[in-house]
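Reading through the structure tokens given below for one structure.
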Amino acid sequence: MSDEGCREGPVVLGLAWDSSDRLVRAAAALAAGLGLHLVCARVDPASYLTEREPDDAGVR
Numbered sequence: 006m007s008d009e010g011c012r013e014g015p016v017v018l019g020l021a022w023d024s025s026d027r028l029v030r031a032a033a034a035l036a037a038g039l040g041l042h043l044v045c046a047r048v049d050p051a052s053y054l055t056e057r058e059p060d061d062a063g064v065r
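In structure tokens, the structure reads:
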């Protein structure tokens, strides 16, 4: 099976607040090597979910 056409989305990197620059550089090198965009995301650890859709929302 060929992996041609499998590269559709970005490389997504979830970061802790104290993540090192080395991790971001490694992810950037990976994304560049794959010809993809890199998306880095951080979440405030003090935040909390106030509302959630049920897992079957929209499924009938």
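The working numbering applies: residue 6 is where the sequence shown begins, and numbers increase by one.
For every residue, glycine included, the Cβ atom is placed at its ideal position computed from N, Cα and C.
Predicted model only: the values in this text are computed from it and were never measured.
What residue range is occupied by the uninterrupted beta strand (DSSP E) comprising residue i?
| i | result |
| --- | --- |
| valine 17 | 16-20 |
| alanine 51 | Note, alanine 51: premise wrong, no beta strand (DSSP E); not H, not E. |
Which one or two residues does DSSP pair with residue i in a beta bridge?
| i | result |
| --- | --- |
| leucine 43 | Val16 |
Is residue i a contact residue of the ligand MG, with contact defined as CB to any heavy atom under 7 Å?
| i | result |
| --- | --- |
| alanine 34 | This structure lacks the ligand MG, and indeed carries no ligand of any kind. |
By DSSP, does residue i sit in helix, in strand, or in coil?
| i | result |
| --- | --- |
| aspartate 26 | helix |
Touch test, the stretch 51-61 against the stretch 26-41, Cβ-Cβ under 8 Å, three pairs minimum: no
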